[in-house]
Structures are given as structure tokens and as C-alpha cells.
Amino acid sequence: MKINTLSKKLVVIILFFFFFFGFIYPISAITLPYLNKSKVRVSVVPGQQEYGDIVIENSTPDERAMQLYLEDWRYLPICDGSKDFLPANTLANSAASWITFSPAEFIVPAFGRQRISYSIKAPANASGGYYAVLFFEMIAGKIPAPDKNQTSASVNLAIRIASLFYVEADGTIKRTAVIDNIAFKKDDAGAFSIQADFANTGNVDITAGGTFHIMDKEGLIYARGEFSNAYSFAGDKGKLVATWKNKIPKGRYDLILTVDLGKALEEANLGRGPVVTREFEIEINEKGEIVEFKNSA
Amino acid sequence: MGGNYLRRDALKEDLKMKKNSLRQFLLAGVFILLISSAVSAATSETLNLSAYVPDAVSGLTITVNKIRASDNAIVETGSNPALNLADFTVDAVNNILTSPYYYSVDVQVNDNTSSNWSFIHQVSSIQRDAQNNLDENISVTFLTQLQTFPGGNTLIKRSFKSSNVNLSKSMLPGGQLRIIYGVATGDANNDAPNTTPVSISKASGTYTGSVLLTLVTY
Numbered sequence: 071m072k073i074n075t076l077s078k079k080l081v082v083i084i085l086f087f088f089f090f091f092g093f094i095y096p097i098s099a100i101t102l103p104y105l106n107k108s109k110v111r112v113s114v115v116p117g118q119q120e121y122g123d124i125v126i127e128n129s130t131p132d133e134r135a136m137q138l139y140l141e142d143w144r145y146l147p148i149c150d151g152s153k154d155f156l157p158a159n160t161l162a163n164s165a166a167s168w169i170t171f172s173p174a175e176f177i178v179p180a181f182g183r184q185r186i187s188y189s190i191k192a193p194a195n196a197s198g199g200y201y202a203v204l205f206f207e208m209i210a211g212k213i214p215a216p217d218k219n220q221t222s223a224s225v226n227l228a229i230r231i232a233s234l235f236y237v238e239a240d241g242t243i244k245r246t247a248v249i250d251n252i253a254f255k256k257d258d259a260g261a262f263s264i265q266a267d268f269a270n271t272g273n274v275d276i277t278a279g280g281t282f283h284i285m286d287k288e289g290l291i292y293a294r295g296e297f298s299n300a301y302s303f304a305g306d307k308g309k310l311v312a313t314w315k316n317k318i319p320k321g322r323y324d325l326i327l328t329v330d331l332g333k334a335l336e337e338a339n340l341g342r343g344p345v346v347t348r349e350f351e352i353e354i355n356e357k358g359e360i361v362e363f364k365n366s367a
Numbered sequence: 003m004g005g006n007y008l009r010r011d012a013l014k015e016d017l018k019m020k021k022n023s024l025r026q027f028l029l030a031g032v033f034i035l036l037i038s039s040a041v042s043a044a045t046s047e048t049l050n051l052s053a054y055v056p057d058a059v060s061g062l063t064i065t066v067n068k069i070r071a072s073d074n075a076i077v078e079t080g081s082n083p084a085l086n087l088a089d090f091t092v093d094a095v096n097n098i099l100t101s102p103y104y105y106s107v108d109v110q111v112n113d114n115t116s117s118n119w120s121f122i123h124q125v126s127s128i129q130r131d132a133q134n135n136l137d138e139n140i141s142v143t144f145l146t147q148l149q150t151f152p153g154g155n156t157l158i159k160r161s162f163k164s165s166n167v168n169l170s171k172s173m174l175p176g177g178q179l180r181i182i183y184g185v186a187t188g189d190a191n192n193d194a195p196n197t198t199p200v201s202i203s204k205a206s207g208t209y210t211g212s213v214l215l216t217l218v219t220y
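Sequences listed follow chains A and B, in order. According to the numbering used here, the first sequence is numbered sequentially starting from 71. According to the numbering used here, the second sequence is numbered sequentially starting from 3.
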């Protein structure tokens with residue numbers, strides 16, 4: 071009887087652990103460690119050096135072997151924030167050669183953490199923004215070499231997470247942009263869209279986003295919304311787009327666009343960027359169609 | 003017969019004991035709860051707690067499954083992040099090599115921030131040598147993940163060769179993605195465009211390639 075009760079208790083304990091840990095760490099799932107900084111934005115006086123660290127934390131009961139390496143990156147022309155990665159020191163605005171870090175290979179123990187120290191040394195003639203990415207790639211096992219007499223096909227998976235570096239040469243930054251070709255249209259589905267061309271005319275990356283407000287002459291707001299963010303490096307061009315899907319009643323309105331060029335700075339708690347405001351007059355007829363769209367005098 | 007009655011009685015007794023034990027257990031639980039709440043009410047004090055929850059946008063969990071195509075059953079879940087597509091069988095009727103299995107790579111992006119991120123899938127040729135590869139013999143399907151196989155809505159279906167894709171957070175509800183790798187079957191409804199089955203005359207040997215999965219914030 072005692073043995074029976076004991077075995078029941080044992081089964082309950084085993085089931086509890088299986089249930090609990092099975093949910094947190096699915097058997098055979100590979101969970102990569104976490105980074106405490108997925109972006110590093112730093113301002114360095116040309117000719118001087120800045121230091122910092124990134125902590126990688128393993129929340130699993132398995133140790134993780136990692137290797138670190140630098141590459142270059144840039145935004146894709148679509149300017150929606152998607153990126154292209156290239157070998158280190160490929161691009162003119164690469165900061166890869168300025169960055170040193172240690173260690174480059176290590177094992178993060180189960181439920182442990184590893185601190186990676188980095189230094190960034192900007193050359194004396196640095197001007198504007200420079201960029202690099204530090205990849206944390208998990209060193210994973212590979213399929214054993216197959217029998218050479220058989221036809222075989224294997225695909226190895228490499229998994230990596232990234233910490234993006236944005237390095238600004240202190241005292242040389244020009245955060246400027248041109249916003250033009252602003253259009254206000256209505257599509258076949260009845261939705262209004264506001265589009266503007268965006269050009270980064272400065273020497274540093276800009277994340278631009280903003281809002282629009284459509285209000286009558288009494289200041290009553292009939293429509294408001296946000297522009298999708300446009301991510302750019304110096305010289306990049308993109309589009310800011312916003313939509314309004316509801317009807318706007320007949321009348322004359324003011325359309326006010328506010329574009330914030332400093333969203334990246336805000337995100338990094340490094341202040342606020344310049345804000346561009348543009349105003350237009352619009353007229354909507356009884357059918358809800360746009361009959362006039364012009365710059366405010 | 004008498005033995006049966008005795009056994010039934012013993013079972014009834016056993017059941018009664020279990021019911022009693024359960025009742026006692028529940029009563030004890032309620033008693034403990036009442037006592038603890040009474041004690042805490044009597045001695046309550048405000049504790050200022052603070053906890054730092056780190057940004058976890060860089061979290062990524064991958065699960066690799068080998069699936070039997072005939073019934074979509076998982077036959078293997080590997081901790082080794084690699085796909086062994088070597089289980090070819092000869093289809094003598096169509097003169098092609100087929101595989102009774104396909105692989106799924108389930109991706110979970112662990113994100114507790116409002117930041118945007120993108121998940122990038124990059125491939126390197128599955129080749130034996132410069133002339134022979136399987137890049138147009140493998141279908142790669144990207145799905146929003148569900149519990150059953152193959153599961154989810156198909157986002158993109160391409161040949162291995164053209165499966166370099168960049169998926170944004172808004173495309174992957176809940177940060178979940180399933181990527182399915184399967185040898186082309188010749189069934190146009192099943193295979194990705196521009197894929198063909200592996201011909202029986204395909205040069206034999208060891209074909210190897212790689213897939214690089216990257217998680218990066220905006």
C-alpha cells in the first residue's frame with residue numbers, strides 16, 4: 071500500500087515537471103540567448119574612443135556555443151526598415167574596422183550570461199554616420215558525413231541574432247531631409263491616401279515618421295493618422311505613406327502634415343530630432359470626392 | 003461468487019477511502035487559504051516591488067521536425083538544426099527520386115517590445131559540385147504557424163534557389179513562422195513554382211547546402 075502511494079506521488083511529481091518544463095523548454099527546441107542591446111547608437115568624437123558592453127543571456131538549461139563577427143549593413147531601397155548585409159568594410163559608411171570586441175567565441179552556460187566588451191575608435195577625419203552589425207551566431211551541430219556511395223542531400227541551419235551599431239562622428243552630424251511631391255488622393259475603394267517623397271539630404275541615418283490631421287476651419291478634427299516610418303541612410307530616398315479609410319463630409323479643410331526626422335534619436339533616448347510641418351487646403355464635395363488640394367497660402 | 007462480493011466490497015471501501023482523502027485534502031486547502039488570508043489581512047503592509055524585464059526582441063526559438071508526408075505525422079524532432087533530405091526513394095513509374103518525408107522549421111520570435119523586426123531567410127546552394135545542385139528540386143514554403151502540419155496560411159512558396167526572403171513582424175502574427183522544405187513531387191498543386199522533381203539520372207553523390215536564419219530589429 072505504501073509502495074503504491076509512493077509510486078503515485080512519484081508519477082504526479084514526474085508529470086508536474088514534465089508539464090511545467092515541457093511548456094517552457096519544448097524538447098529539442100533551440101532557443102537562442104537574448105541580447106540586452108539589439109541596437110547600439112553612440113556618438114564618438116573623431117580621433118577618440120568609446121567603450122561599452124553587450125550582455126547575452128541564456129534562459130535555457132542547455133549551454134550555447136556562440137561565435138561573433140562583424141558585417142556591414144544598409145537599408146533596402148524600399149526604406150521600410152528591411153536590411154541588406156554585406157561583408158565587413160564593403161560600404162563607404164562602414165564602421166566595422168573601427169570596432170573591436172571580445173570575446174569572439176564563447177559558451178554561454180545554462181541559465182548563464184556572457185558580457186561582450188566593445189570599443190569604437192573613430193578616425194580623426196570621420197564625418198557623419200557610420201554603421202556595422204555584430205552578429206551572434208549559434209554554433210550548431212552538423213549532419214554527420216554521409217556514406218559516399220549513396221546519394222544524399224543535407225542542409226545545415228545557421229541561426230543568428232544581431233546588434234546593430236550606429237556610430238555618429240560627434241560635432242559633424244547633419245540631420246536634414248527634403249519632403250516634397252505631397253499628394254492627397256482617393257482610391258477606388260474610397261480610402262484617402264497621403265503620400266510624400268522623402269530624401270535624406272544629411273550625412274546620417276534618419277528614421278522619419280509623422281502624423282496627419284484633417285481639420286475644418288473651426289479646428290474640429292475629421293481625420294487623423296500616422297505615416298509609416300521611412301528608414302534611410304544619407305542619400306537614400308523613400309516614401310511616406312498614410313491612409314484614411316473613413317468618409318470625410320463635404321467641406322473645406324486644412325491638412326497638416328508633421329514629419330519627425332528624429333525618431334531614431336528618440337528611440338535611443340538621445341533627444342529629439344528636427345520636425346518638418348507642411349500645411350495644405352483641401353475641399354471635399356458632397357460625393358466625398360477631392361475637388362481641391364493646394365498648399366496653404 | 004463470495005470472493006467476487008468480497009472484492010466488490012473491498013473496492014467500495016477503497017473508493018470510499020479515496021473520496022474521504024480527497025475531501026480532507028480539499029478541506030485542508032480551504033483551511034490553509036482562509037488562515038493565510040486572515041493572517042495577511044491582519045498583518046498587511048505595502049511592499050514596493052520593482053522588477054526589470056529586459057527587452058527581448060532578440061529572442062528566437064527554432065524547432066526542427068521531420069514529417070512523414072503520407073499522414074503529416076512528426077517522426078523526429080531534432081535538437082540538431084540540420085535537415086537530412088537524403089531519404090530518397092525511386093519512383094520507377096515517373097523516373098524520379100521522391101522523399102516520403104519533408105522538414106519543417108518552426109520559428110518563434112520572442113518579442114516583448116513594440117519594436118519592429120525582420121526575419122531573414124538566406125540560402126546557400128545545395129550542391130555536389132559547380133555543375134550539380136538541387137536548388138530547383140526543393141520547395142520552400144513559408145507559413146504562419148499552426149499546431150497541426152503542414153498548418154497555417156501560406157505566405158510565400160518558392161524554389162530553394164529563390165527562397166531568400168525578408169519577413170517583417172507585421173507579416174508574422176504572434177511572431178510565429180513555419181518554413182517547410184520538401185523535395186518536389188511533380189504535383190503542381192504541391193510544389194513551388196519553378197521546381198522540378200529530382201530526375202533518376204541526377205548525378206549521385208553528397209549534396210550539401212545551408213540556410214542562414216537572421217533576426218534583426220528595425
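For glycine and all other residues, C-beta sits at the position ideal for the given N, C-alpha and C.
Three-state secondary structure assigned by DSSP to A/Ala300: The residue you call residue 300 of chain A lines up with position 230 of the first sequence. Of the three classes helix, strand and coil, the one that applies to A/Ala300 here is strand, per DSSP.
DSSP beta-bridge partners of A/Ala228: If you number the first sequence from 1, residue 228 of chain A lands on position 158. Beta-bridge pairing links A/Ala228 to B/Leu214.
CB contact below 7 Å: A/Arg230 versus chain B: For the purposes of this step, residue 230 of chain A is taken as residue 160 along the first sequence, with counting starting at 1. Chain B contact via Cβ: present.
The region 184-193 of chain B contacting the region 169-182 of chain A, beta-carbon criterion three pairs below 8 Å: no
Which of helix, strand or coil DSSP assigns to A/Ser189: Against the first sequence, residue 189 of chain A aligns to sequence position 119. A/Ser189: strand per DSSP, three-state reduction.
A/Gly272 versus A/Lys244: straight-line alpha-carbon distance, rounded: Translated into the one-based positions of the first sequence, residue 272 of chain A becomes position 202. Translated into the one-based positions of the first sequence, residue 244 of chain A becomes position 174. Roughly 5 Å between the two C-alpha positions.
Cβ of B/Gly188 within 7 Å of any chain A Cβ: Position 186 of the second sequence, counted from the first residue, corresponds to residue 188 of chain B. B/Gly188 does not count as touching chain A.
Contact under 7 Å by Cβ, A/Ser187 with A/Asp123: Stepping through the first sequence from its first residue, residue 187 of chain A is reached at position 117. Stepping through the first sequence from its first residue, residue 123 of chain A is reached at position 53. Going by C-beta atoms, A/Ser187 is nearer than 7 Å to A/Asp123.
7 Å Cβ cutoff, A/Gly151 in contact with chain B: Numbered from its first residue, the first sequence carries residue 151 of chain A at position 81. Yes - at least one Cβ of chain B is within 7 Å of the one on A/Gly151.
CB contact flag (B/Asn118, B/Lys204, <7 Å): Against the second sequence, residue 118 of chain B aligns to sequence position 116. Against the second sequence, residue 204 of chain B aligns to sequence position 202. Not a contact, by the Cβ cut-off of 7 Å.
Where B/Thr210 falls, given that 16 or more other Cβ within 10 Å makes a residue buried: Counted from its first residue, the second sequence places residue 210 of chain B at position 208. Buried, since its Cβ has 16 or more Cβ neighbours within 10 Å.
Short Cβ contact (7 Å threshold) for A/Ala192 with A/Asp132: One-based indexing of the first sequence puts residue 192 of chain A at position 122. One-based indexing of the first sequence puts residue 132 of chain A at position 62. Taking 7 Å as the Cβ cut-off, A/Ala192 and A/Asp132 do not qualify as a contacting pair.
Closer than 7 Å to chain B by CB, A/Asn163: Sequence index remark: in the first sequence, residue 163 of chain A carries index 93 (1-based). Cβ-Cβ to chain B under 7 Å: no for A/Asn163.
Close Cβ partners of A/Ala253 (< 6 Å) along its chain, the five nearest in sequence each way excluded: Looking up residue 253 of chain A in the first sequence gives position 183. Answer for A/Ala253: Gln265, listed in chain order.
Same chain, Cβ closer than 7 Å to B/Leu51, neighbours up to 5 away in sequence not counted: Looking up residue 51 of chain B in the second sequence gives position 49. Residue placement at B/Leu51 cannot be trusted, given a pLDDT of 48 that sits under 50; what the coordinates show is reported in the next sentence. Here the set comprises nothing.
is_contact[B/Val218, chain A] using C-beta, thresh 7 Å: Walking along the second sequence from the start, residue 218 of chain B turns up at place 216. True, the Cβ-Cβ gap to chain A drops below 7 Å.
Proximity test, Cβ basis, 7 Å: B/Asp197 and chain A: As a working mapping, residue 197 of chain B is identified with position 195 in the second sequence. The sequence given here places Thr at residue 197 of chain B; Asp does not occur at that position. B/Thr197 does not count as touching chain A.
Below-7 Å beta-carbon distance, A/Asn251 vs any chain B residue: Within the first sequence, residue 251 of chain A is the residue found at index 181, counting from 1. For A/Asn251, the answer is no, since every Cβ of chain B falls outside 7 Å of its Cβ.
Cβ shell of A/Pro103 (< 6 Å), same chain only, five flanking positions each side left out: Stepping through the first sequence from its first residue, residue 103 of chain A is reached at position 33. These residues qualify, in order along the chain: Ile126, Glu127, Asn128, Arg134 and Val178.
Cβ shell of B/Thr197 (< 6 Å), same chain only, five flanking positions each side left out: The residue you call residue 197 of chain B lines up with position 195 of the second sequence. Once the five neighbours on either side are set aside, the close Cβ partners of B/Thr197 are Glu138, Ser141, Ser161 and Ala186.
Contacts of A/Phe300 in chain B (Cβ-Cβ under 8 Å): Residue numbering aside, residue 300 of chain A sits at position 230 when the first sequence is read from its first letter. Reading off the sequence shown, one finds Ala at residue 300 of chain A, where the question assumed Phe. Within chain B, no residue comes near A/Ala300; the closest Cβ sits about 11 Å away, beyond 8 Å.
The region 307-322 of chain A contacting the region 282-292 of chain A, beta-carbon criterion three pairs below 8 Å: yes
Residues bridged to B/Tyr105 [DSSP beta-bridge criterion]: As a working note, residue 105 of chain B is residue 103 in the second sequence. Paired residues: B/Lys68 and B/Tyr183.
Cβ of B/Asn135 within 7 Å of any chain A Cβ: In the second sequence, residue 135 of chain B corresponds to position 133, counting from 1. Chain A, which has no Cβ nearer than 7 Å to the Cβ of B/Asn135, makes this no.
Closest residue to A/Ile326 among A/Val248, A/Ala247, A/Ala300 and A/Glu296 (Cα-Cα distance): Along the first sequence, one-based indexing puts residue 326 of chain A at 256. Considering only alpha carbons, the answer is A/Glu296.
B/Ile128: contacting residues in chain A (beta-carbon distance under 7 Å): On the second sequence, position 126 is the one that residue 128 of chain B refers to. Within chain A, the residues near B/Ile128 are Ala223 and Val225.
Distance, B/Tyr103 Cα to B/Gly184 Cα: For this step, residue 184 of chain B is matched to residue 182 along the second sequence. For this step, residue 103 of chain B is matched to residue 101 along the second sequence. C-alpha separation (whole angstroms): 7 Å.
Cα-Cα separation, A/Asp267 to A/Cys149: Taking the first sequence and counting its residues from 1, the one referred to as residue 267 of chain A is at position 197. Taking the first sequence and counting its residues from 1, the one referred to as residue 149 of chain A is at position 79. Cα to Cα, A/Asp267 sits roughly 11 Å from A/Cys149.
Residues that B/Thr143 contacts on chain A, provided the C-beta gap is smaller than 8 Å: To locate residue 143 of chain B, count along the second sequence from 1; it is residue 141. Within 8 Å Cβ-Cβ: nothing; B/Thr143 doesn't reach chain A, min ~15 Å.
Members of the region 101-122 of chain A that neighbour chain B once the beta carbon cut-off is set at 9 Å: Thr101, Leu102, Pro103, Tyr104, Leu105, Asn106, Lys107, Ser108 and Lys109
A/Val311, buried or exposed, once every other Cβ within 10 Å from all chains shown has been counted against 16: In the first sequence, counting from the first residue as 1, residue 311 of chain A sits at position 241. It counts as exposed.
Chain B within 7 Å of A/Ala369, Cβ atoms only: The structure shown has nothing for residue 369 of chain A, since chain A only spans 71 to 367.
A/Pro179 - DSSP class collapsed to helix/strand/coil: For the purposes of this step, residue 179 of chain A is identified with residue 109 of the first sequence, where counting begins at 1. Note: A/Pro179 maps to coil in three-state DSSP.
DSSP state of B/Leu62 mapped onto helix, strand, coil: Translated into the one-based positions of the second sequence, residue 62 of chain B becomes position 60. Residue state, collapsed to three classes: strand.
Where A/Leu234 meets chain B, residues with beta-carbon distance less than 8 Å: As a position in the first sequence, residue 234 of chain A is number 164, starting the count at 1. The contacting residues are Val218 and Thr219.
Contact with chain A by B/Thr91, beta-carbon distance below 7 Å: To locate residue 91 of chain B, count along the second sequence from 1; it is residue 89. Not an interface residue.
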